[in-house]
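In this note's numbering, the protein residues as written are 144 to 683.
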């Protein structure tokens, strides 16, 4: 526990990538395998089920510290982060040298299966044993709020260094299902032969946003252009008698899309396709909201499959007859992909169409048609490129259409997390409907640090009401919001939801009455949704 705590604070306090990498390498090299396995588990963004509510934690800390509950609440309001608040309110214990894996496996994981009184006994005893720094890390692990400023790619680089392999090889090893055990950690370091495990997907290759004019890419004939769709990036894996669907988030989602699973059985054994799961009807994508109905259902019934049909849009071929094809040029992989998809159910597994163009002007013309085709833009891939790992500049570019934008009024605010825990950084914005501001979007990114401090000051001076952690503010500040699209939503009071909202700029030059209306937002709906009309709803 002490070793992992020191790693956490080194990563949290360092701004140099080299220093973070050195700390990670030292940890994975020197920590016992059981500890290293759990360290990798948490550093990869995984959590254990949260065993205790925030309310009970506040009450137990107040009782243990002989403090009034209001003081705990005020402390949380001042600090912003509950894990840190609870760690600070209790006196330091002596600290422990107990291994991380034993702390997690004998104390943290069992908490969910014992009585409330026993949970309290375990937590109080643990708090008494830990020093302040250890207690902060323990609280974050227990509450599922463990985050530290280190990218997953850096964690993989460190693990690859310890194992003596390349980062792409290690990225492949950690894909899929593995457990935080000593045995699995040794397998990650040593590998399991040249061939992937039966259920293991490949790391995804991601395109970089286009940063310059397309003419700067060189000769147009060196590039393959495709439509960029808005769905779930996934890999369709057919090995042995099994068919699996893996999401980009390394989640096994096979049971959620049984029609794709059935179609996958037509693939040759030892085949892996990279593609996108899309809601699809009449040779055209449906709104992303249709797909969201499928995402939350692990076993969709026949009625849901009919009302929310999906296809697997195949982009690339990563494995054929058990052979890894990723190092081969895209043009060769594309030829094999076309032959493989031709023998699969054409209504469910669909080949991503390429866009024929003889000039960059042709490409620009197709890009201008993206919104009309319900696409997000174009993908541009160098025909000679291998299939890489992660996001890199040079060979794969995504050229998105310009985002939608509206002017909206700040109406609610909440404090942020981590380094922004003491500032109000999470905002809710509204647009006008019949002289009333209706919530339309939440956003927390897009402002500079200086602007965030200015907005935070405004919120503190202009709060008119509170609902738990939410502050209602005077509707005086206007912001331009950028987003990727609009869809009908019965879960929102406005009857609409916007996709990936962020703050484009603070419109200090505009008054609240200059903000847009709900009708303006509704006019941005795709044509096939406009005909259906907004969903009636009274939910907030």
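Note that CB positions come from ideal geometry on N, CA and C, so glycine has one too.
{"Asked": "Backbone secondary structure at residue 149 - three-state DSSP", "Found": "helix"}
{"Asked": "Range covered by the beta strand (DSSP E) that runs through residue 203", "Found": "Counting along the chain, residue 203 falls outside any beta strand (DSSP E), though it belongs to the alpha helix (DSSP H) covering 197-207."}
{"Asked": "4-residue-minimum alpha helix (DSSP H) runs that sit fully inside the stretch 314-355, ordered along the chain", "Found": "325-333"}
{"Asked": "Counterpart residues of residue 409 in DSSP-defined beta bridges", "Found": "Looking at the DSSP assignment, residue 409 forms no beta bridge with any residue, so it has no partner."}
{"Asked": "Residue interval of the alpha helix (DSSP H) (run including residue 450)", "Found": "445-450"}
{"Asked": "Buried/exposed call for residue 379, threshold 16 Cβ in 10 Å", "Found": "buried"}
{"Asked": "Exposed unless 16 or more other CB atoms sit within 10 angstroms - verdict on residue 338", "Found": "Residue placement at residue 338 is flagged as unreliable, the pLDDT there being 48, under the threshold of 50; a coordinate-derived value is accordingly withheld."}
{"Asked": "Beta-carbon proximity check, residue 648 vs residue 623, cutoff 7 angstroms", "Found": "yes"}
{"Asked": "Supposed contact pair residue 244 and residue 178 - C-beta distance, whole angstroms, cut 8 angstroms", "Found": "5 angstroms"}
{"Asked": "Any C-beta of chain C under 7 angstroms from that of residue 159", "Found": "Protein chains in the displayed structure number just one, and chain C is not present."}
{"Asked": "Boundaries of the alpha helix (DSSP H) in which residue 511 is found, first to last residue", "Found": "503-511"}
{"Asked": "Endpoints, the alpha helix (DSSP H) within which residue 524 is located", "Found": "No alpha helix (DSSP H) contains residue 524, which is instead part of the beta strand (DSSP E) from 520-525."}
{"Asked": "Supposed contact pair residue 345 and residue 415 - C-beta distance, whole angstroms, cut 8 angstroms", "Found": "6 angstroms"}
{"Asked": "Within 7 angstroms, strictly: CB atoms of residue 668 and residue 615", "Found": "no"}
{"Asked": "Span of the alpha helix (DSSP H), counted from its first residue to its last, around residue 550", "Found": "Careful: residue 550 lies outside any alpha helix (DSSP H), inside the beta strand (DSSP E) at 547-558."}
{"Asked": "Residue 635, DSSP secondary structure in three states", "Found": "coil"}
{"Asked": "Three-state secondary structure (DSSP) of residue 578", "Found": "coil"}
{"Asked": "Residue interval of the beta strand (DSSP E) (run including residue 438)", "Found": "From DSSP, residue 438 is part of no beta strand (DSSP E) but of the alpha helix (DSSP H) over 431-438."}
{"Asked": "Between the CA atoms of residue 417 and residue 468 - distance to the nearest angstrom", "Found": "12 angstroms"}
{"Asked": "Exposure of residue 657, with buried meaning 16 or more beta-carbon neighbours within 10 Å", "Found": "exposed"}
{"Asked": "Burial state of residue 240 (16 or more Cβ within 10 Å)", "Found": "exposed"}
{"Asked": "Reduced DSSP secondary structure (H/G/I, E/B, other) of residue 466", "Found": "strand"}
{"Asked": "Residue 558, buried or exposed, once every other Cβ within 10 Å from all chains shown has been counted against 16", "Found": "buried"}
{"Asked": "Nearest residue (CA-CA) to residue 646, options 580, 570, 575, 636", "Found": "570"}
{"Asked": "Backbone secondary structure at residue 228 - three-state DSSP", "Found": "helix"}
{"Asked": "Start and end residues, beta strand (DSSP E) containing residue 542", "Found": "539-543"}
{"Asked": "Cβ-Cβ distance between residue 424 and residue 401 below 7 angstroms", "Found": "no"}
{"Asked": "Given residue 155 as reference, the closest of 190, 249, 294 once Cα atoms are compared", "Found": "294"}
{"Asked": "Among 612, 388, 189, the one whose alpha carbon lies nearest that of residue 291", "Found": "189"}
{"Asked": "For residue 390 and residue 377, believed in contact at Cβ under 8 angstroms, the rounded distance", "Found": "5 angstroms"}
{"Asked": "Spatial distance of residue 575 from residue 659 (CA atoms)", "Found": "6 angstroms"}
{"Asked": "Cβ distance (whole Å) where residue 627 is taken to contact residue 642 below 8 angstroms", "Found": "4 angstroms"}
{"Asked": "Assigned exposure category for residue 224 - 16 Cβ within 10 Å defines buried", "Found": "buried"}
{"Asked": "Rounded separation between residue 192 and residue 599 - CA only", "Found": "33 angstroms"}
{"Asked": "7 angstroms Cβ cutoff met for residue 625 and residue 546", "Found": "yes"}
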